[in-house]
Each structure stands twice: as structure tokens, then as C-alpha cells.
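Note sheet for the following structure.
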Ligand code: SIN
């Protein structure tokens, strides 16, 4: 079975076919998938009835997986798995029920933000034959490239505060009480370059999101707020985005340096949605 890469969006996104992720891939097939990932920034596989172990094994080939300490969203057997779901058991949510409600990149508030995220669809809500709960992705490398030179110059060398507290305040907590995060509080607000250099392909990427970017270091408050709003809006212009319409057994992987994402909450609370996410640990954001 030969691996094939079918680009699907103008700025990012590709479908990978010809790979059976329930089995270990040979080095050549994996190298082709890895290259496609760094080129297209979001890749997806359809029809992969993976177990949690399969997902962990495959995604760990991209790098060390983060192990979660937050009991509420961590899978009970696999600390590498973050559960995204609106399902309740015994009156309690089994995972994060509003993950992705704002444009963001995963782990931006960490000193070493996540490098890669992989989300597997176990249950997908549907209505009238169409699945709901799409995820939108935006290429922030394409967004940076498209900036006018004057703006590139203006933001060169700037640093921004990425704040978990801000995200919490805007979303109301992602289904998780603030005190659960006390163990990571020390790292809940960090400073990263506003323009990151991708550690693998060297592309410049805007690092500003609606969710986490709270201020720009050294700028007056109003200027900082306006610049964040302008850049965050620019990043998600339709020409930089790809919208993924989920099917059960999809695995979607995205690059947390060169993309940001946002989920669509267009399904009723009574329609179950269940996703398992693994994340590859990243390094410090480069500039
Ligand atoms: C996430 O933000 O990691 C989850 C996105 C989604 O559930 O669509």
C-alpha cells in the first residue's frame, strides 16, 4: 500500500491515504508522512479504527508525548491522552467539554509549548446525514508571509505574553476549575516571540491568538490590545484556513507552531462527541 498525500486547502491541510496506522509503519512510509506533515501543517487520515495504544504508538514517532497530570481531562488508563468530550458520566464531564472554543494553539502558556497535537474521533455528532462539530485550522506561516512588509518590520523582535489565566477568564474554564491548575500556575503566563521560527522547516509563524495572547511586551496597553486584535484577526482570514468535517475514526494532526485552531459548537449537548488527543512535547519557541 503506497502512502499518498492529497492537499485539501489553499494554505494548509492534506489527506493521507494508503497508510494503516493500526500497524507499525516502515521507515520510508513514516518519513513520507512526516515530510507531508511539515509541508501541509495539518494532515488527516480517514477510516482508522485505532485503539488508544495505536494512537500513542503512532504519534510518539513524532516525538516524546506529554503525560497529563490533570486528572479531570486525562484518560484514566493513558496519561498521554487528553479527553475532549461533552459526555457526562454520573453527572460529571468525562473530559474537556469546551476545548477549542477560542482560536488558540495548544500549550501556548507553557515555557515549552506543544509541538504537535493529534485528535482522534471516537464519536461525532450528526444531524440530517451531516456530521457536526467541525474544527477550523489556520496557517500562521501563510498569515505571516502575507503581512505587508511594514507590518513585518513593526513586529520584528516583539515578544508577547501568552496567558492561561486570560484563556480561563474568556472561556469560563474549559470545564475545569481553576484550582486544578494550581500545579501548573507558575507556568501559566509566559513570554514568547510574537513571530516564531519553526524549529523544523525554518518558516516564520505569527504567534498571536484570540485565546492566549494577553499583551505585547513594552507597548502601551491600548496599542498592545489593538495590535493583538489586528494580528489575531489577520491570522484567521478565510484564505489561511482549512475546515475539517469529522468522520468517526479520523485522526487529524496539526503543527502547533505553524497553525492555530478553533472548534465549532454547532451540535446539541445531547449529541455525544468524543475525541482523544495526544500531544508531542515541544521546545522553547525560537525567534
Ligand atoms: C482542541 O482545541 O484541542 C480540540 C478541538 C476540537 O475539539 O475540535
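Residue numbers (our numbering): 30 to 316.
Beta carbons: idealized from backbone N, C-alpha and C, even for Gly.
- Runs of the alpha helix (DSSP H) lying entirely within the region 226 to 294, each at least 4 residues long, are 250 to 264 in chain order.
- Within 10 angstroms of the beta-carbon of residue 39 lie fewer than 16 other beta-carbons, which makes it exposed.
- The C-beta separation of residue 193 from residue 152 comes to about 28 Å, leaving the pair out of contact by the 8 Å criterion.
- Inclusion of residue 172 and residue 264 in the CB contact set at 8 Å is warranted, their separation being smaller than that value.
- The closest heavy atom of the ligand SIN lies 7 Å or more from the beta carbon of residue 300.
- Here residue 251 is exposed: its Cβ has fewer than 16 other Cβ atoms, across all protein chains shown, within 10 Å.
- Look at residue 129: its beta carbon is less than 7 Å from one of the heavy atoms in the ligand SIN.
- DSSP places residue 111 inside the beta strand (DSSP E), whose first and last residues are 111 to 114.
- Taking the Cα positions, residue 230 is about 43 Å away from residue 299.
- Taking the Cα of residue 259 as reference, the smallest distance to any Cα among 268, 238, 106 is reached at 238.
- When the five nearest sequence neighbours on each side are left out, the beta carbons in the same chain lying within less than 7 Å of the beta carbon of residue 102 are those of 111, 112, 124, 125, 205, in order along the chain.
- Between residue 34 and residue 58, the CB-CB gap reaches or exceeds 8 Å.
- The beta carbon of residue 93 lies closer than 8 Å to those of 309, 310 in the same chain, with the five residues before and after it left out.
- In the three-state reduction of the DSSP assignment, residue 143 falls in the coil class, being assigned neither a helical nor a strand state.
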